[in-house]
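Quick note, the sequences are listed as chains A and B, same order. The working numbering puts the first residue of the first sequence at 7, with every later residue one more than the last. The working numbering puts the first residue of the second sequence at 4, with every later residue one more than the last. Data first, discussion second: the structure below is written as structure tokens.
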Amino acid sequence: MSESAITFKDVEKSFVKDNGSRQVILDKVNFSIPAGKTTVIAGGSGQGKSVTLKLVLALMRAESGQIMVAGDDITSIRGGKLKKLRTRFGVLFQGAALFDSMSVFDNVALPLRERTRKSEAEIKKLVLESLEQLELLGHEDKFPAQLSGGMKKRAGLARALQLKPEIMLFDEPTTGLDPVMTQEIYQLFARTQAQIGYTSIIVSHDIPKVFNLADQVIVLHNGNMDVFPSPEEIQWSQKTHIKEFVKTTMGEIYQSHLVE
Amino acid sequence: MRVNSVSRFGGTGISVVADLGRMGLYLLQMIQGCFRMPFRFSEFMRQMSFIGVGSLAVIFFTAASTGMVLGLQGYYSLHKFGADGMLGSAVSLTLIMELGPVLTALMVTGRAGSAMCAELGIMRISEQIDALDCMAIDPFRYLISPKLLAALISVPLLTVLFDVVGIAGGYVAGVHLMGVNPGSYIEGMRSSVTNHDILLGTVKSFVFALLIVWICTGRGYLVHQIKGAGFGARSVSTVTTQAVVLSSISVLIFDYLLTAILL
Ligand SMILES: Nc1ncnc2c1ncn2[C@@H]1O[C@H](COP(=O)(O)OP(=O)(O)OP(=O)(O)O)[C@@H](O)[C@H]1O
Ligand SMILES: [Mg+2]
Numbered sequence: 007m008s009e010s011a012i013t014f015k016d017v018e019k020s021f022v023k024d025n026g027s028r029q030v031i032l033d034k035v036n037f038s039i040p041a042g043k044t045t046v047i048a049g050g051s052g053q054g055k056s057v058t059l060k061l062v063l064a065l066m067r068a069e070s071g072q073i074m075v076a077g078d079d080i081t082s083i084r085g086g087k088l089k090k091l092r093t094r095f096g097v098l099f100q101g102a103a104l105f106d107s108m109s110v111f112d113n114v115a116l117p118l119r120e121r122t123r124k125s126e127a128e129i130k131k132l133v134l135e136s137l138e139q140l141e142l143l144g145h146e147d148k149f150p151a152q153l154s155g156g157m158k159k160r161a162g163l164a165r166a167l168q169l170k171p172e173i174m175l176f177d178e179p180t181t182g183l184d185p186v187m188t189q190e191i192y193q194l195f196a197r198t199q200a201q202i203g204y205t206s207i208i209v210s211h212d213i214p215k216v217f218n219l220a221d222q223v224i225v226l227h228n229g230n231m232d233v234f235p236s237p238e239e240i241q242w243s244q245k246t247h248i249k250e251f252v253k254t255t256m257g258e259i260y261q262s263h264l265v266e
Numbered sequence: 004m005r006v007n008s009v010s011r012f013g014g015t016g017i018s019v020v021a022d023l024g025r026m027g028l029y030l031l032q033m034i035q036g037c038f039r040m041p042f043r044f045s046e047f048m049r050q051m052s053f054i055g056v057g058s059l060a061v062i063f064f065t066a067a068s069t070g071m072v073l074g075l076q077g078y079y080s081l082h083k084f085g086a087d088g089m090l091g092s093a094v095s096l097t098l099i100m101e102l103g104p105v106l107t108a109l110m111v112t113g114r115a116g117s118a119m120c121a122e123l124g125i126m127r128i129s130e131q132i133d134a135l136d137c138m139a140i141d142p143f144r145y146l147i148s149p150k151l152l153a154a155l156i157s158v159p160l161l162t163v164l165f166d167v168v169g170i171a172g173g174y175v176a177g178v179h180l181m182g183v184n185p186g187s188y189i190e191g192m193r194s195s196v197t198n199h200d201i202l203l204g205t206v207k208s209f210v211f212a213l214l215i216v217w218i219c220t221g222r223g224y225l226v227h228q229i230k231g232a233g234f235g236a237r238s239v240s241t242v243t244t245q246a247v248v249l250s251s252i253s254v255l256i257f258d259y260l261l262t263a264i265l266l
């Protein structure tokens with residue numbers, strides 16, 4: 007496989023509960039995310055997918071292990087260097103994390119205003135363009151509190167894509183969207199990735215549809231990661247929890263291949 | 004049982020020290036943030052209007068009533084010794100050196116400090132600050148330095164306003180209501196207030212402004228790390244209460260310290 011954009015080496019993450027017991031989220035996991043490709047992270051609710059993304063961004067710190075991004079170990083760098091490393095990322099949070107006292111337009115324009123030297127006219131053009139792509143045109147003066155759940159997601163998406171980052175992290179980009187919109191978002195992903203060539207990590211429950219985009223699939227289960235170099239391979243796995251996962255998410259049709 | 008209470012005591016001690024450490028680090032980061040470019044001038048103006056202009060009415064009212072009470076009270080005490088002529092001096096020194104800076108700081112804490120704390124707390128718990136971090140936009144430069152600079156400018160100005168209105172209030176009460184000689188009120192004030200006294204009042208108001216912004220924004224910014232504050236909306240409300248109480252108490256403590264050191 008091509009060179010990797012992100013590499014997890016023996017990463018451990020757990021939370022200490024109030025009663026003192028530990029909840030292990032990642033148990034010495036190892037995997038790498040190939041550069042310029044799309045990796046889909048799947049797994050049940052509460053398994054630690056969002057936590058994994060936060061580890062990549064150093065919003066949370068792992069107890070041990072290394073997370074290499076572009077040659078730097080993100081678990082040990084801080085301050086200015088960390089800030090520099092983060093400029094490589096674009097992020098869509100699970101809850102969208104829009105700035106709730108700014109309009110949709112200002113939210114989407116923020117990264118351009120703060121991180122580039124573009125003129126206000128250029129910014130306006132870019133922002134309206136991406137709002138149009140995401141069918142938010144006409145809503146640019148609304149505030150996040152006045153948006154539906156799916157609209158928030160789309161506004162967060164527009165904001166994340168503005169700076170044309172090297173690595174995109176999407177936490178459930180299509181949850182709360184209707185099937186048509188979901189399909190359009192996937193097409194948008196495919197188009198922008200072809201344009202910009204970013205590495206993308208998509209956390210999603212939208213299986214099997216999201217597999218159309220996937221070059222690599224990672225299934226997170228009880229602190230372990232199972233890595234599949236292509237979505238097809240997931241069907242041939244002999245592990246019981248993967249079989250179960252395939253059966254419940256993709257249905258019997260896929261299973262029948264196995265039986266043959 | 005005993006071990007339990009010892010360990011609980013120790014645990015509380017550790018979390019207090021950790022909290023102080025975080026607040027200290029926060030202070031440094033906040034000050035560094037003021038020197039990062041580009042400066043957000045429009046946000047700074049908005050904060051000036053919120054902290055400064057927005058507080059005019061409450062400062063005016065507080066100052067007028069404080070000044071008038073000082074006028075009446077001062078007259079009552081001084082008249083016993085036949086020292087009516089000292090009223091101007093007493094009222095103005097009390098206001099310029101103590102009550103002006105302190106009461107202004109307490110009013111600004113209640114009005115603007117609590118709002119800053121709640122705003123940052125909500126931004127923290129709804130991942131908006133994480134989002135800023137991820138966009139590599141420094142939250143200290145972006146959110147906090149405009150507030151700090153606006154407070155450092157507007158709190159001393161509000162203090163001056165407080166002093167002036169308070170002295171006028173004292174004049175109204177002393178001269179118009181109690182019949183103190185107007186010339187002696189003015190002259191008493193002019194002869195007793197020195198540059199040093201004004202400097203002391205000004206230094207105080209700068210220090211108070213720093214304290215208010217540090218404590219109020221810091222509690223909000225660090226809401227997720229404060230032990231025992233709870234989660235969600237409740238954590239923000241707990242922390243806002245804490246911020247107002249802590250910042251008022253530190254204003255009073257620093258008032259004493261600065262008076263003791265600089266007088
Ligand atoms: N800050 C935290 N403190 C303690 N526990 C946490 C924290 N954040 C997450 N967890 C726990 O870690 C586990 C994984 O959470 P995470 O948000 O990563 O799940 P997820 O896989 O993204 O699920 P979903 O698909 O529902 O979004 C959960 O059990 C959650 O309770
Ligand atoms: Mg999640």
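Glycine is no exception: its CB is placed at the ideal position from the N, C-alpha and C atoms.
Buried or exposed by the 16-neighbour rule on C-beta atoms within 10 Å, applied to residue i
i                 : result
Ile-218 (chain B) : buried
Met-40 (chain B)  : exposed
Leu-28 (chain B)  : exposed
Gln-261 (chain A) : At Gln-261 (chain A) the pLDDT is 46, less than 50, meaning the model places this residue with poor confidence and gives no usable figure here.
Tyr-174 (chain B) : buried
Lys-150 (chain B) : buried
Phe-176 (chain A) : buried
Pro-142 (chain B) : buried
Val-9 (chain B)   : exposed
Pro-237 (chain A) : buried
Ala-263 (chain B) : exposed
Neighbourhood of residue i by C-beta distance below 8 Å, restricted to the same chain and skipping five residues each side
i                 : result
Ile-259 (chain A) : The predicted position of Ile-259 (chain A) is uncertain, since its pLDDT is 49 and thus under 50; no value can be drawn from it.
From the options, residue whose alpha carbon lies closest to that of residue i
i                 : options                                       : result
Arg-160 (chain A) : A:Leu-98, A:Met-74, A:Thr-255 and A:Ala-127   : A:Leu-98
Asp-3 (chain A)   : A:Thr-205, A:Ala-164, A:Arg-84 and A:Glu-9    : The question about residue 3 (chain A) has no answer here: the residues shown for chain A are numbered 7 through 266.
Gly-191 (chain B) : B:Ile-170, B:Lys-207 and B:His-199            : B:Ile-170
Leu-59 (chain A)  : A:Thr-93, A:Ser-236, A:Val-114 and A:Glu-178  : A:Glu-178
Leu-226 (chain A) : A:Arg-197, A:Ala-64 and A:Val-209             : A:Val-209
Ile-173 (chain A) : A:Val-186, A:Gly-162 and A:Gly-203            : A:Gly-203
Leu-30 (chain B)  : B:Val-216, B:Ile-264, B:Gln-228 and B:Leu-266 : B:Val-216
Pro-171 (chain A) : A:Gly-96, A:Ala-76 and A:Tyr-192              : A:Gly-96
Asn-198 (chain B) : B:Gly-16, B:Leu-96 and B:Gln-228              : B:Leu-96
Leu-116 (chain A) : B:Arg-43, B:Ser-80, B:Lys-83 and B:Leu-102    : B:Arg-43
Ile-156 (chain B) : B:Val-56, B:Ala-232 and B:Gly-85              : B:Val-56
Leu-265 (chain B) : B:Gly-182, B:Ile-17 and B:Ile-201             : B:Ile-201
Leu-181 (chain A) : A:Ser-154, A:Thr-205 and A:Ala-166            : Note that residue 181 (chain A) corresponds to Thr in the displayed sequence, not to Leu. Among A:Ser-154, A:Thr-205 and A:Ala-166, the Cα nearest to that of Thr-181 (chain A) belongs to A:Ser-154.
Val-110 (chain A) : A:Arg-123, A:Val-133, A:Gly-101 and A:Leu-88  : A:Val-133
Ile-128 (chain B) : A:Gly-101, A:Phe-195 and A:Asp-78             : A:Gly-101
Leu-81 (chain B)  : B:Ala-67, B:Tyr-188 and B:Ser-18              : B:Tyr-188
Phe-64 (chain B)  : B:Gly-103, B:Ile-229, B:Ala-86 and B:Pro-185  : B:Gly-103
Beta-carbon spacing of residue i, residue j below 8 Å
i                 : j                 : result
Leu-164 (chain B) : Ile-62 (chain B)  : yes
Leu-104 (chain A) : Pro-40 (chain A)  : no
Leu-137 (chain A) : Glu-146 (chain A) : yes
Ile-54 (chain B)  : Ala-176 (chain B) : no
Leu-203 (chain B) : Met-89 (chain B)  : no
Ala-220 (chain A) : Val-17 (chain A)  : no
Ala-139 (chain B) : Arg-121 (chain A) : yes
Thr-107 (chain B) : Val-158 (chain B) : yes
Gln-199 (chain A) : Thr-44 (chain A)  : yes
Ser-238 (chain B) : Val-226 (chain B) : yes
Leu-152 (chain B) : Phe-47 (chain B)  : yes
Val-216 (chain A) : Ile-240 (chain A) : no
Val-254 (chain B) : Phe-211 (chain B) : yes
Leu-63 (chain A)  : Arg-92 (chain A)  : yes
Leu-214 (chain B) : Ser-250 (chain B) : yes
Ser-195 (chain B) : Gly-36 (chain B)  : no
Cutoff 8 Å: residue i Cβ touching any chain C Cβ
i                 : result
Met-138 (chain B) : No chain C appears in this structure, whose protein chains are A and B.
Chain-order list of residues whose beta-carbon lies under 7 Å from that of residue i (same chain, five-residue window excluded)
i                 : result
Ile-31 (chain A)  : Lys-19, Ser-20, Phe-21, Gly-54, Val-57 and Gly-229
Arg-119 (chain A) : Ile-129
Ile-248 (chain A) : Val-225, Asp-232 and Ile-240
His-263 (chain A) : In this predicted model, His-263 (chain A) has a pLDDT of only 47, less than 50, meaning its place in the structure is not dependable enough to derive any value.
Close beta carbons around residue i, own chain, < 6 Å, minus the five adjacent residues each side
i                 : result
Val-265 (chain A) : Residue placement at Val-265 (chain A) is flagged as unreliable, the pLDDT there being 43, under the threshold of 50; a coordinate-derived value is accordingly withheld.
Arg-222 (chain B) : Cys-120, Val-242, Gln-245 and Ala-246
Asp-258 (chain B) : Val-105
Gly-77 (chain B)  : Leu-90, Ala-93 and Val-94
Asp-136 (chain B) : none
For the stretch 125-191 of chain A, list the alpha helix (DSSP H) runs that are entirely contained and at least 4 residues long, ordered along the chain.
126-139 and 155-167
Counting only runs that start and end within the stretch 109-190 of chain B, where is the alpha helix (DSSP H) found for 4 or more residues in a row?
117-128, 131-137 and 148-174
Please give the ranges of any alpha helix (DSSP H) in the stretch 186-254 of chain B, keeping only runs that are unbroken, at least 4 residues long and fully inside the region.
DSSP runs (the alpha helix (DSSP H)) wholly in the stretch 186-254 of chain B: 198-224.
Run through the stretch 63-99 of chain B for me and flag every whole beta strand (DSSP E) of 3 or more residues, listed as ranges in chain order.
none
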